[in-house]
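A.B. asks: Those protein sequence lines, which keep their order, are chains P and U.
Mind the numbering: the first sequence is residues 1 to 196 in the working numbering, read in order.
Mind the numbering: the second sequence is residues 197 to 392 in the working numbering, read in order.
Think of the CB as a built atom: it goes at the ideal place given N, C-alpha and C, for glycine as much as any other residue.
Here it is, the structure in full.
Number of protein chains: 2
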Amino acid sequence: MSSDARQRLVVGTMQLLARRGLGGTSFADVVELTGAPRGSIYHYFPGGKDELVQAAIDLANENALTALSPASGKPVTEVTKQFLGMWRELLARSSFTAGCSVLAVTVAAESAGLIDHAGEIFRRWRRDLAGHLTTAGLGPDTADAAATFLIAASEGAVVLARAERSMEPFNVVSTQLLSYMRQLENEADTIEAETT
Amino acid sequence: MSSDARQRLVVGTMQLLARRGLGGTSFADVVELTGAPRGSIYHYFPGGKDELVQAAIDLANENALTALSPASGKPVTEVTKQFLGMWRELLARSSFTAGCSVLAVTVAAESAGLIDHAGEIFRRWRRDLAGHLTTAGLGPDTADAAATFLIAASEGAVVLARAERSMEPFNVVSTQLLSYMRQLENEADTIEAETT
DNA sequence: GTCTATACGAAGATAGAC
DNA sequence: GTCTATCTTCGTATAGAC
Numbered sequence: 001m002s003s004d005a006r007q008r009l010v011v012g013t014m015q016l017l018a019r020r021g022l023g024g025t026s027f028a029d030v031v032e033l034t035g036a037p038r039g040s041i042y043h044y045f046p047g048g049k050d051e052l053v054q055a056a057i058d059l060a061n062e063n064a065l066t067a068l069s070p071a072s073g074k075p076v077t078e079v080t081k082q083f084l085g086m087w088r089e090l091l092a093r094s095s096f097t098a099g100c101s102v103l104a105v106t107v108a109a110e111s112a113g114l115i116d117h118a119g120e121i122f123r124r125w126r127r128d129l130a131g132h133l134t135t136a137g138l139g140p141d142t143a144d145a146a147a148t149f150l151i152a153a154s155e156g157a158v159v160l161a162r163a164e165r166s167m168e169p170f171n172v173v174s175t176q177l178l179s180y181m182r183q184l185e186n187e188a189d190t191i192e193a194e195t196t
Numbered sequence: 197m198s199s200d201a202r203q204r205l206v207v208g209t210m211q212l213l214a215r216r217g218l219g220g221t222s223f224a225d226v227v228e229l230t231g232a233p234r235g236s237i238y239h240y241f242p243g244g245k246d247e248l249v250q251a252a253i254d255l256a257n258e259n260a261l262t263a264l265s266p267a268s269g270k271p272v273t274e275v276t277k278q279f280l281g282m283w284r285e286l287l288a289r290s291s292f293t294a295g296c297s298v299l300a301v302t303v304a305a306e307s308a309g310l311i312d313h314a315g316e317i318f319r320r321w322r323r324d325l326a327g328h329l330t331t332a333g334l335g336p337d338t339a340d341a342a343a344t345f346l347i348a349a350s351e352g353a354v355v356l357a358r359a360e361r362s363m364e365p366f367n368v369v370s371t372q373l374l375s376y377m378r379q380l381e382n383e384a385d386t387i388e389a390e391t392t
């Protein structure tokens with residue numbers, strides 16, 4: 001398979017971005033981690049680092065959407081738990097050394113194109129998550145707002161957990177978020193009961 | 197004043213960290229931005245970049261605590277607005293090119309000491325903010341949780357706003373947070389009314 | 001498709017003059 | 001306290017052989 005090296009490069013770059021940030025991720029690091037041929041980088045990514053990084057956060061995007069898809073059709077709290085679980089697992093498996101690669105790129109990008117790409121990914125997450133919440137019974141506006149809130153608080157919680165090297169702040173935020181979402185769920189059920 | 201150059205270096209480093217991240221902040225950048233003498237860096241910070249960055253996020257810490265202090269003694273929603281206002285102003289003044297320097301260091305730090313330092317700052321913010329919320333009438337546990345929630349969601353909202361180059365996600369999160377905090381305020385008032 | 005070699009600049013850090 | 005010069009390492013990127 002000719003694109004095997006390419007895929008390894010993308011996966012490795014995503015992991016390194018999540019751990020060391022954009023400036024801390026060099027080609028040498030990526031090659032060392034993945035074992036991919038050095039010559040493959042510019043073969044598959046003639047645009048250089050920007051193009052490789054873009055592909056890496058695209059992968060992070062797809063991974064997130066995939067991780068969220070089993071929550072489709074489930075209740076609001078289940079969707080919330082699914083999203084939180086994704087981040088909790090990342091923190092646990094990495095012993096708090098990894099976070100969100102899209103966030104890492106956002107706060108360190110030097111090219112406007114990379115920032116815009118990160119922005120599109122976040123928009124995509126917001127839209128996708130809002131879709132799940134709408135399916136779960138929330139009104140469109142409520143779902144939109146809740147999705148953005150959920151993403152922002154989760155991202156922040158991951159950063160706090162990394163900095164403190166502890167799951168505690170993440171757990172605190174998870175509890176608050178679940179409480180908030182449960183309430184939205186109840187309000188939606190109440191409205192539905194009143195109007196049917 | 198002999199420490200004038202030192203102060204300029206620290207301020208400039210903090211600003212650059214907030215804009216370009218840790219890896220994107222070089223001594224050359226700092227010297228150019230601040231106009232400080234090149235020779236001053238290792239004179240005031242013999243520990244090199246780590247020591248300078250540490251001083252920079254210490255300044256960010258103090259700035260945040262100072263910005264929050266006028267909220268002391270005010271209601272829960274006022275404390276919340278004060279905290280959110282600090283970040284909103286940063287986003288607006290920088291046209292979405294700047295964020296939190298402590299977050300930037302957290303996601304890109306290569307030395308354990310720097311991460312731990314960032315962790316201590318976040319802990320400090322959580323404690324300080326919880327103190328204000330307790331003064332405002334929340335119970336200690338509720339105040340602790342709400343403070344962490346507020347910080348996490350704000351940090352995440354700043355990242356989303358930067359990525360999308362828009363205040364919209366930040367506004368959405370602000371609204372949700374205020375709604376949540378208002379509710380805690382009401383619950384606390386109710387309990388107080390019942391027990392007095 | 002992948003390799004080695006290398007160009008070229010920039011990074012952090014150090015030494016010694018002033 | 002500040003300067004210039006320099007060391008060394010590392011970064012991205014390119015060229016050309018295989």
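1. Report the residues of the segment 345-361 of chain U with a CB closer than 8 angstroms to any CB of chain P, ordered along the chain.
2. Which residues of chain U have a Cβ atom closer than 8 angstroms to the Cβ of R20 (chain P), listed in chain order?
3. With distances taken between CB atoms, is the gap from H117 (chain P) to L68 (chain P) smaller than 8 angstroms?
4. Report yes if the CB atom of S179 (chain P) is closer than 8 angstroms to the CB atom of L84 (chain P), and no otherwise.
5. How should P266 (chain U) be labelled, buried or exposed, when 16 other C-beta atoms within 10 angstroms of its C-beta is the threshold for buried?
6. So is G295 (chain U) in contact with chain P if we call contact Cβ pairs under 8 angstroms?
7. How long is the line joining the alpha carbons of N259 (chain U) and G24 (chain P), rounded to whole angstroms?
8. Cβ of Q54 (chain P) versus every heavy atom of the ligand NAP: is any distance shorter than 7 angstroms?
9. Quick test of your reading: F395 (chain U) and E164 (chain P), contact by CB under 8 angstroms. State the CB separation rounded to the nearest angstrom.
10. Please state whether DSSP places S94 (chain P) in a helix, a strand or coil.
11. Just verifying my parser: in three-state terms, what is the DSSP assignment at F45 (chain P)?
12. Identify the contact partners of F83 (chain P) in chain U, using a Cβ-Cβ distance below 8 angstroms as the criterion.
13. Compare the C-beta of M1 (chain P) with all C-beta atoms of chain U and state if any pair is closer than 8 angstroms.
14. Return the chain-ordered list of same chain residues with a C-beta closer than 8 angstroms to the C-beta of S2 (chain P), the five sequence neighbours on each side being excluded.
15. Below 7 angstroms on C-beta distance, what does G309 (chain U) contact in chain P?
16. On the three-state DSSP scale, how would you describe A219 (chain P)?
17. Run through chain P and tell me which residues come within less than 8 angstroms of T371 (chain U), C-beta to C-beta.
18. Ordered along the chain, which non-local residues of its own chain (more than five positions away) have a Cβ less than 8 angstroms from that of R8 (chain P)?
19. Thinking C-alpha only, which one of U:A332, U:I387, U:M377 is nearest G269 (chain U)?
20. Assuming V76 (chain P) and L138 (chain P) are in contact, meaning their beta carbons sit under 8 angstroms apart, how far apart are those beta carbons, in whole angstroms?
21. Have a look at M14 (chain P) and A300 (chain U) and give me their C-alpha separation to the nearest angstrom.
22. Check this for me: beta carbons of R126 (chain P) and T148 (chain P), under 8 angstroms apart or not?
23. Assuming contact is defined by CB atoms lying nearer than 8 angstroms, are A304 (chain U) and G217 (chain U) in contact in what I supplied?
24. Identify the contact partners of A300 (chain U) in chain P, using a Cβ-Cβ distance below 9 angstroms as the criterion.
25. How would you list, in chain order, the residues of chain P whose beta-carbon sits under 7 angstroms from the beta-carbon of G315 (chain U)?
C.D. replies: With the structure as the only source:
1. Hits within the stretch, in order: F345, I347, A348, A349, S350, E351, G352, A353, V355, L356, R358, A359, E360, R361.
2. As a position in the first sequence, residue 20 (chain P) is number 20, starting the count at 1. Residues of chain U passing the Cβ test: A304, E306.
3. For the purposes of this step, residue 117 (chain P) is taken as the residue at position 117 of the first sequence. For the purposes of this step, residue 68 (chain P) is taken as the residue at position 68 of the first sequence. Taking the C-beta atoms as reference points, L68 (chain P) is found no nearer than 8 angstroms to H117 (chain P).
4. For this step, residue 179 (chain P) is matched to residue 179 along the first sequence. For this step, residue 84 (chain P) is matched to residue 84 along the first sequence. Result no, Cβ atoms of S179 (chain P) and L84 (chain P) do not sit closer than 8 angstroms.
5. Within the second sequence, residue 266 (chain U) is the residue found at index 70, counting from 1. Label assigned to P266 (chain U): exposed.
6. Your numbering for residue 295 (chain U) matches position 99 in the second sequence. It does: the Cβ of G295 (chain U) has a partner Cβ on chain P nearer than 8 angstroms.
7. Mapped onto the second sequence, residue 259 (chain U) falls at position 63. Mapped onto the first sequence, residue 24 (chain P) falls at position 24. Roughly 27 angstroms separates the two Cα atoms.
8. For the structure depicted, the ligand NAP is absent and the ligand set is empty, with no information on it obtainable.
9. Nothing can be reported for residue 395 (chain U): it is not among the residues displayed for chain U, which extend from 197 to 392.
10. Taking the first residue of the first sequence as position 1, residue 94 (chain P) is located at position 94. Here S94 (chain P) sits in coil by DSSP.
11. Along the first sequence, read from residue 1 onward, the residue named residue 45 (chain P) stands at position 45. It is coil, neither helix nor strand.
12. The residue given as residue 83 (chain P) occupies position 83 in the first sequence. Those do not exist, as F83 (chain P) stays about 13 angstroms from chain U at its closest Cβ, beyond 8 angstroms.
13. On the first sequence, residue 1 (chain P) is found 1 positions in, with the first residue counted as 1. Note on M1 (chain P): pLDDT 45, under 50, position unreliable in the model; the coordinate value appears next. Cβ-Cβ to chain U under 8 angstroms: no for M1 (chain P).
14. By 1-based counting over the first sequence, the position of residue 2 (chain P) is 2. Reliability of the predicted coordinates at S2 (chain P) is poor, the pLDDT of 47 falling under 50, and no value is obtained from them.
15. Along the second sequence, read from residue 1 onward, the residue named residue 309 (chain U) stands at position 113. Correct list: empty, because the minimum Cβ distance to chain P is about 12 angstroms.
16. Shown here, chain P extends from 1 to 196; a query on residue 219 (chain P) therefore has no answer.
17. As a first step, residue 371 (chain U) is located in the second sequence; it is residue number 175 there, counting from the start. A145, listed in chain order.
18. The residue you call residue 8 (chain P) lines up with position 8 of the first sequence. The answer, listed in chain order, is T34, G35, A36.
19. As a position in the second sequence, residue 269 (chain U) is number 73, starting the count at 1. Minimum Cα distance to G269 (chain U) is reached at U:A332.
20. The residue you call residue 76 (chain P) lines up with position 76 of the first sequence. The residue you call residue 138 (chain P) lines up with position 138 of the first sequence. Rounded, the Cβ-Cβ distance is 6 angstroms, consistent with contact.
21. Position 14 of the first sequence holds residue 14 (chain P). Position 104 of the second sequence holds residue 300 (chain U). Between M14 (chain P) and A300 (chain U), the alpha-carbon positions lie close to 17 angstroms from each other.
22. Taking the first sequence and counting its residues from 1, one reaches residue 126 (chain P) at position 126. Taking the first sequence and counting its residues from 1, one reaches residue 148 (chain P) at position 148. Cβ atoms of R126 (chain P) and T148 (chain P): closer than 8 angstroms.
23. The residue you call residue 304 (chain U) lines up with position 108 of the second sequence. The residue you call residue 217 (chain U) lines up with position 21 of the second sequence. Against a cut-off of 8 angstroms, the Cβ pair of G217 (chain U) and A304 (chain U) comes out as a contact.
24. Numbered from its first residue, the second sequence carries residue 300 (chain U) at position 104. Annotation: Cβ neighbours of A300 (chain U) in chain P (cutoff 9 angstroms, chain order): G21, V107, A108.
25. On the second sequence, position 119 is the one that residue 315 (chain U) refers to. Those within 7 angstroms of G315 (chain U) in chain P are A163, E164, R165.
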